[in-house]
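Structure record follows, encoded as structure tokens.
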């Protein structure tokens with residue numbers, strides 16, 4: 016039973032355009048969400064997070080949107096750059112329900128084409 | 071800040087052998103996590119420590135797996151009688167969660183130990 020779902024295994028985007036990566040979750044107790052980026056042969060690197068009291072968090076080219084009623088979040092990268100090519104993982108936790116360990120989706124491989 | 075360090079980076083072993091991995095977290099982090107990642111999957115939680123106390127274990131952690139963090143610093147993950155299904159990337163992560171720190175501190179991952187059981 017997957018609690019965090021990333022339904023697109025891969026995404027290709029032209030350099031300079033917007034990349035939109037999507038994530039759905041099923042556990043209504045989740046209140047803290049993160050995106051991680053992973054390059055080959057490296058561990059995941061934290062990118063951006065959002066708590067359930069917000070619906071948007073922005074950090075430079077990266078913006079995360081949270082729609083609690085739809086149990087959906089998305090990561091927008093604009094403008095996309097070739098160095099953004101990586102696997103992106105969505106993760107979630109229930110902090111106020113006991114600080115549960117992060118649950119990860121299966122990831123989306125983003126390819127930014129120059 | 072040297073980051074989270076894991077050793078070895080790669081391990082090839084024969085089925086039935088025991089293996090041990092080491093993780094050195096970021097020095098001021100009191101929480102340490104072990105995750106496992108197989109091909110096409112995201113990281114799956116195995117266990118975590120706050121200081122030397124092991125606070126939670128996943129159902130994925132069979133009795134062939136044991137983790138320790140004896141002095142609240144580095145941690146080891148041992149797999150006894152390895153099986154081919156144990157082949158995976160084993161990731162360690164740490165965070166500064168605890169009193170006086172932000173509740174929403176993200177995990178910092180190491181580069182993992184890739185285990186291949188033949």
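Residue numbers (the numbering used here), protein chains in the order written: chain E, 16 to 129; chain Y, 71 to 188.
Beta carbons: idealized from backbone N, C-alpha and C, even for Gly.
Status (buried if at least 16 other CB within 10 Å, exposed otherwise) for residue 80(Y)
exposed
Going by alpha carbons, who is nearest to residue 95(Y) out of 187(Y), 77(Y), 153(Y), 88(Y)?
77(Y)
List the residues of chain Y whose Cβ lies closer than 8 Å to the Cβ of residue 83(E), in chain order.
The premise fails here: residue 83(E) is roughly 16 Å from chain Y at the closest Cβ pair, so nothing lies under 8 Å.
Is residue 154(Y) near the ligand SAH, in the sense that its beta carbon is under 7 Å from a heavy atom of that ligand?
Annotation note on the ligand SAH: not contained in the displayed structure, which lists no ligands.
Of the residues 49(E), 59(E), 72(E), 22(E), which one's Cα is nearest the Cα of residue 123(E)?
22(E)
Using a Cβ-Cβ distance under 8 Å, would residue 121(Y) count as near chain E?
no
Interfacial residues, the segment 53-69 of chain E to chain Y, with Cβ spacing under 8 Å
56, 57, 58, 59, 60, 61, 64, 66
Any contact between the segment 175-186 of chain Y and the segment 120-129 of chain Y? By contact I mean 3 or more CB pairs, one from each, below 8 Å.
no
Could you spell out the range, first to last residue, of the beta strand (DSSP E) harbouring residue 189(Y)?
Examination of residue 189(Y) is not possible in this model, given that chain Y is present from 71 through 188 alone.
From 86(Y), 107(Y), 149(Y), pick the residue whose C-alpha is nearest to that of residue 163(Y); which is it?
107(Y)
Under the rule that 16 or more other beta-carbon atoms within 10 Å means buried, what is residue 82(Y), buried or exposed?
exposed
Count Cβ pairs between the segment 94-105 of chain E and the segment 143-151 of chain Y that sit closer than 8 Å; are there 3 or more?
no
What does the Cβ neighbour count give for residue 97(Y), buried or exposed, with the cut at 16 atoms within 10 Å?
exposed
Tell me, please, whether the CB atom of residue 45(E) is closer than 8 Å to any CB atom in chain Y?
no
For residue 117(E), return the contacting residues in chain Y, with the cut-off set at a CB-CB distance below 9 Å.
103, 105, 113, 115, 163, 176, 177
Contact between the segment 71-79 of chain E and the segment 23-33 of chain E is defined here as three or more beta-carbon pairs at a separation below 8 Å; is this criterion met?
no
Where does residue 74(E) sit, in a helix, a strand or coil, going by DSSP?
strand
Contact with chain Y by residue 49(E), beta-carbon distance below 8 Å:
yes
If we ignore side chains and look at the alpha-carbon of each, how far apart do residue 63(E) and residue 177(Y) end up?
12 Å
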